[in-house]
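Input: a single structure, listed below in structure tokens.
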Amino acid sequence: MSTTEKVGAEAGTFVDQRLGSNKWLGKNLKKVFPDHWSFMLGEIALYSFMVVLITGVFLTLFYKPSLVEVVYEGSYVPLKGIYMTEAYATTLDISFDVRGGLLIRQMHHWSALIFVAAISVHLFRVFFTGAFRKPREMNWVIGVGLLVLALGAGFSGYSLPDDLLSGTGLQIARGIAQAIPIIGTWAAFLLFDGQFPGVDFMSRLYMVHILLIPGLIIALITVHLMMVWYQKHTQFPGQGRTNENVVGYPLLPVYMAKAGGFFFIVFGIITMLSGLVNINPVWIFGPYTPDQVTAGTQPDWYIGWLDGALRVMPNWETVAFGFTVSWNILIPAVIIPGIIFTAMAFYPFLEAWATGDKREHHLLDRPRNAPVRTGIGVMSIVFYGLLWLGGGNDLVATTFNLSINAITWFLRIGLFVLPPLAFIITKRTCLSLQRRDREKLLHGYESGRVLRLPHGEFVEVHEPLGNKEKAILMAKLDSEQTPIALPQKTDANGVKNKRYRIEMLRARLSGFYFADTIAPPTLEEIEAGQAHVAHEAALEAPLHEYEETHYVNVPFHGGVLHEEGAPMTNAEALEVTRHKD
Amino acid sequence: MGLVLLLLALGVVGGVYGVATTTPSSADAALVGDQTQIEEGRRLYLEGCSSCHGLNAEGAASGPTLIGVGAASVHFQVATGRMPLAAPGAQAPVKKDIYSSEEVLAMAAYIASLAPGPAIPTAEQIDYTDADVAEGGVLFRINCAQCHQAAGQGGALTQGKYAPSLMEASPQEIYEAMLTGPQNMPIFNDKTLPTEEKQAVIAYIMELQEAPSPGGLSLGRLGPVVEGLFLWTAVFAALIGAAVWIGIRAR
């Protein structure tokens, strides 16, 4: 035993004697994780959140969440002698007078943007592969909660520097609070402690940003990961992978090395990015005062879609009983996000109910094998993307010499037309891909080898599939479902079905999900088809396809040197061998 | 004989004219420039501008009247290439200036001779060396940023109109723009924004033009939209590339 091993063993024993941890560790360090690059997207979110925490601690040492007015006397000349809040002044100090402060501030901001973006791509992966299905619905809901918290964390952070962008964003947030019927005005007073911008608001927001939301995020991340641990990670279909096993690498040493290495890669990318690329130059935007605003005022990217919804919304208002209902703010800023996040959280339950699928799923779906779900996903992304475009409408207008009014109208119509179109195109594309999979399973893949047969016909040789690919394509056989049968109004005894309407809705939804599908071939068909492919290819391949040369450089069937008097085709050759026997 | 007489007559006229212009009869004459310049300006005006603004600058359906817009306005519009307009559109874009500076001044002199208007600012007026940059920043954010954006990068207005970027603007152009309110811009006359304040604004814009980006690559100083675009393209290409690289051995 080397010294290192000795020390390690002693330390292990010391801890084990006090905590009894060796048994647990021995079992869990060997835990197997399946491997795929897309399983690391969630890790990007985790690691960028760690960077946010680390850099955030540094920033709290220098930032003061105070709206007390001070005269700036720091080293940034174009703002010298200007009245500003202490919050803004300390942000400038961090940027210009604290050693390494600007780098840390930029790291904090960039990693926050990456955090939300990584959550989004992780969510795409989970959605499109059906990883949210039973038994993982609860973890999906937690994930949606984390996304909402991340948006809150981001927006509260965006508002802290108290520069012109922060203040304008808060002004809009206040407008949104006020637009809520009945309680709106009082909710705004409660949040801002009276009139905007008030004097106490920044310290409240600071508490939300550095204590409340991060605390909730850490708690939910812990539960999120514990559930992944307990339920085990899903895996893509493939050779040797079933719904009952997990094929992959053990946590120690393989997965730990990979995950640990990836943490440093993410950290490194964020640091390099923050050292090279400027983000949120607060000194350019200047201190916030309610009478100022700048063109091109936008929130960070993850709030952009809400800003876009506000921008494209027509100016509708209703006055009823002396009260104004501001639909122009209420719909885009409260109702639409409310519907979207609720639908998102409930989607796994909705799909399970509609499809009647109560099985556990540990094998992921290939997106093409769930055309309706994939279509819904792409449709949502297109809807989101259009709102996003609306958020940057002024920059789109100036960059492409367009009229901002034309963009607004394009979006108002496009938001209703383009997402359904995206749904249809995606669904058809998925079905086409399914059709190709079916062809492959039945007839093998097109080898690209074109042969001319003795009688002059040209054929392309199909090769039988390899086992790996076959296993992936065969996964459709397991995931295939048929729509729920339409309910009867009365049963065999003539008793009226009380749940007829709801069952009808369910059957319709189930049809919506499953009616359009390319039925995969049965196992027998596949066997027969593949055997046929191999047989045909062998039989029909002529033996003297390269007559001029004296060797054949194709390693497949049919590649046999032709000699004088030898049979001309495989069929003849088979005849000859048969006679010999 | 006739030729000699003609030359003589021309010489006398020229001499008298020269005397008349070197000793201005009134302050107005000095302001509008000499008669040859005005004549030259009128010739250029008839050639390049009158089809839209009318033969006597009285305006027409396709162009507003230029009587009383002043030399500063002409200089701003023509020297930046905005006028003559290449094609009707939401707004006159900046393009290559086709006139020499003498020609621009001649046209300015012609328009100024029609009616009094804001004159081209003097070198003294646009001298911003003693101006307060910080005060200029405050004035810029109050008066200019809502259209030209806090960093002076420009922004969109309605119906395809826009506030242009100020990154290429010279102090003289900025001063003239404030004075005359070209296109959709309001006029900031000396009552709303005295000369010293105009100089402060110019100083701040010059600061914006020259300022380095202490935080690294500035991404055009266009704010969160460009930052988000950069994140979703370059940064995510790197992050996902790294994830694929790490996950590549597994299948």
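Protein sequence lines correspond, in order, to chains E and U.
Residue 508 in the working numbering is what sits at position 511 of the first sequence, and the numbering runs on without skipping anything.
Residue 1027 in the working numbering is what sits at position 226 of the second sequence, and the numbering runs on without skipping anything.
Each residue gets a CB set at the ideal place from its N, CA and C atoms; glycine is no exception.
Expected contact under 8 angstroms - CB spacing of residue i and residue j to nearest Å
i	j	result
E:Ser117	E:Val48	That belief does not hold up - the Cβ atoms of E:Ser117 and E:Val48 are roughly 17 angstroms apart, past 8 angstroms.
U:His854	U:Leu845	With a Cβ gap of about 12 angstroms, U:His854 and U:Leu845 do not count as contacting.
E:Val274	U:Gly1017	5 angstroms
E:Ala468	E:Gln236	4 angstroms
E:Gly191	E:Tyr299	The Cβ separation is near 29 angstroms, so there is no contact.
E:Pro484	E:Tyr497	6 angstroms
U:Ile839	U:Tyr911	5 angstroms
U:Asp1045	E:Trp34	Reading off the sequence, residue 1045 of chain U comes out as Val, not Asp. The Cβ separation is near 4 angstroms, so the contact holds.
E:Asp304	E:Gly388	4 angstroms
Chain-order list of residues whose beta-carbon lies under 7 angstroms from that of residue i (same chain, five-residue window excluded)
i	result
E:Ile267	Ser45, Val48, Met104, Trp107, Ser108 and Ile111
E:Val189	In the sequence under discussion, the amino acid at residue 189 of chain E is Phe, which differs from the Val named in the question. Here the set comprises Arg171, Gly195 and Phe198.
E:Gly181	Ala174 and Gln175
E:Gly441	His459, Glu460, Pro461, Leu462, Gln527 and Val530
E:Tyr203	Pro62 and Leu157
E:Leu280	It should be pointed out that residue 280 of chain E corresponds to Trp in this sequence rather than to Leu. Here the set comprises Tyr73, Leu76, Leu89 and Ser92.
E:Phe264	Tyr44 and Val48
For residue i, the three-state DSSP class (helix, strand or coil)
i	result
E:Tyr381	helix
E:Pro552	Confidence in E:Pro552 is poor, its pLDDT being 39 and thus under 50, which makes the residue's placement unreliable; the coordinate value appears in the next sentence. Reduced to three states, the DSSP call for E:Pro552 is coil.
E:Gln232	strand
E:Val322	strand
E:Tyr60	coil
U:Gly819	With a pLDDT of only 46 at U:Gly819, under 50, the local geometry of the prediction cannot be trusted, and the value read off the model is given with reservation. Residue state, collapsed to three classes: helix.
E:Glu443	strand
E:Thr82	strand
E:Tyr585	Absent from the structure is residue 585 of chain E, since the part of chain E shown begins at -2 and ends at 578.
E:Thr487	strand
E:Lys424	helix
U:Leu867	coil
E:Val196	coil
E:His459	strand
E:Glu521	helix
E:Glu500	helix
E:Lys493	strand
E:Leu360	strand
E:Leu448	strand
E:Ala184	helix
E:Val557	Because the pLDDT at E:Val557 is just 44, under 50, the model does not fix this residue reliably, and the value given afterwards should be weighed accordingly. E:Val557: coil per DSSP, three-state reduction.
U:Ser826	Low confidence applies to U:Ser826: its pLDDT is 39, below 50, so where it sits in the model is not reliable enough to give any reading.
E:Ala403	helix
Contacts that residue i makes with chain E (C-beta to C-beta distance below 8 angstroms)
i	result
U:Tyr963	Ala394 and Thr395
U:Phe1031	Val274
U:Val1002	Going along chain E, no residue has its Cβ under 8 angstroms from U:Val1002, so there is no contact; the nearest lies around 12 angstroms.
U:Glu1028	Leu110, Ile276, Asn277, Asp297 and Trp298
U:Tyr1005	Pro75
U:Ala891	Ser400
Contact list for residue i against chain E, beta-carbon separation under 9 angstroms
i	result
U:Thr959	Ser400, Ile401 and Asn402
U:Arg844	Near U:Arg844 there are no residues of chain E at all, since even the closest Cβ is about 34 angstroms away, more than 9 angstroms.
Own chain partners of residue i with C-beta closer than 8 angstroms, once the 5 adjacent residues on each side are dropped
i	result
E:Met135	Met224
U:Glu1028	Leu1020
E:Phe509	Ala351 and Val369
Within chain E, partners of residue i - CB distance below 7 angstroms
i	result
U:Phe1037	Ala114
U:Glu1056	Given a span of 802 to 1052 for chain U in the structure shown, any question on residue 1056 of chain U remains unanswerable.
U:Gln950	Thr291, Ala292 and Gly293
U:Ser914	In chain order: nothing, as chain E lies at least about 37 angstroms away.
U:Gly864	Result: empty, since nearest Cβ-Cβ is about 22 angstroms, beyond 7 angstroms.
U:Gln984	Those within 7 angstroms of U:Gln984 in chain E number zero; the least Cβ separation is about 14 angstroms.
Short CB-CB distance (under 8 angstroms) between residue i and chain A
i	result
E:Phe282	Any reference to chain A falls outside this structure, whose protein chains are E and U.
Own chain, CB closer than 6 angstroms to residue i, minus 5 neighbours either side, in chain order
i	result
U:Ile927	Pro972, Gln973 and Tyr976
E:Leu383	Leu408, Gly411 and Leu412
E:Tyr60	Thr87
U:Ala872	Ala909, Ala913, Ala920 and Ile921
E:Ala472	Pro234
Chain-ordered neighbours of residue i on chain U, where CB pairs are closer than 8 angstroms
i	result
E:Lys355	Near E:Lys355 there are no residues of chain U at all, since even the closest Cβ is about 31 angstroms away, more than 8 angstroms.
Under 9 angstroms from the C-beta of residue i: neighbouring residues of chain U
i	result
E:Ile266	Val1036, Ala1039, Leu1040 and Ala1043
Taking only runs of the alpha helix (DSSP H) that begin and end inside the stretch 877 to 951 of chain U, which ones reach a length of at least 4 residues, in chain order?
Taking 4 residues as the minimum length, the alpha helix (DSSP H) runs contained wholly in the stretch 877 to 951 of chain U are 902 to 915, 934 to 944 and 946 to 949, in order along the chain.
Length-filtered (4 minimum) alpha helix (DSSP H) runs lying within the stretch 0 to 54 of chain E:
0 to 16 and 19 to 25
Taking only runs of the beta strand (DSSP E) that begin and end inside the stretch 270 to 349 of chain E, which ones reach a length of at least 3 residues, in chain order?
Taking only runs of at least 3 residues, the beta strand (DSSP E) segments lying wholly in the stretch 270 to 349 of chain E are 315 to 317 and 320 to 322.
Output the residue ranges of the alpha helix (DSSP H) runs that lie fully inside the stretch 950 to 1026 of chain U and measure 4 residues or longer, sorted by chain position.
972 to 981 and 996 to 1011
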